[in-house]
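The numbering of the sequence shown is our numbering, which starts it at 94 and goes up by one. Glycine included, each C-beta is placed from N, C-alpha and C at the ideal position. Keep in mind the model is a prediction, meaning the values are calculated, not measured. Have a look at the structure below before the remarks.
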Amino acid sequence: LICAAKKYWRKADFDSRVYKLFEAFQSLEDSVFRLDEKGSAAGYKQSTAEILRMLGVIDTAEIHPDCPDLRIGDEQARMREALLRPMRIAERMNIPFYSFAS
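Here it is in structure tokens:
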């Protein structure tokens, strides 16, 4: 999404939809880097792994077994919901390679 946003930003005929793209990315980032009850965002590793698995970049969302930074609850469902807006914007703007893995 960032690469697509950069492309839209630099176009000679500026496409104002880039603002929607930035907003969608920011909302996803807010979900990934949300703070836990201790004020730590260290669980971003698990959130990121879930997103990369859903996009088909990696095969499993497992993080290193020695990593203590696990999110509480259903992180897969939470990240799927967080991806809805960016996916919708990517589809509307015909941004390739940004969809759920089949």
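Asked, Found
"Identify the continuous alpha helix (DSSP H) that holds GLU174 and give its terminal residues.", "168 to 185"
"Note down the Cα distance separating ASP159 from ILE95, rounded to an integer number of angstroms.", "31 Å"
"Please determine, among GLY166, ALA170, ASP106 and ARG146, the residue with the shortest C-alpha to C-alpha distance to PHE193.", "ARG146"
"Please say whether ILE144 and LYS176 have beta carbons closer to each other than 8 Å?", "Strictly speaking, residue 176 in this sequence is Leu, with Lys absent from that position. In contact: LEU176 and ILE144 (Cβ atoms closer than 8 Å)."
"Are ALA117 and ARG127 touching if we call contact CB-CB under 8 Å?", "no"
"Between the stretch 146 to 157 and the stretch 179 to 194, do at least 3 Cβ pairs fall closer than 8 Å?", "yes"
"Going by C-alpha to C-alpha distance, which of ASP167, SER140 and GLY166 sits closest to ILE156?", "SER140"
"Quick check on ASP129: does DSSP put it in helix, strand or coil?", "coil"
"Please report the straight-line C-alpha distance between LEU121 and PRO179, rounded to a whole angstrom.", "7 Å"
"For LYS100 and ARG110, what's the separation of their Cα atoms in angstroms?", "12 Å"
"Can you tell me whether THR141 is helix, strand or coil according to DSSP?", "helix"
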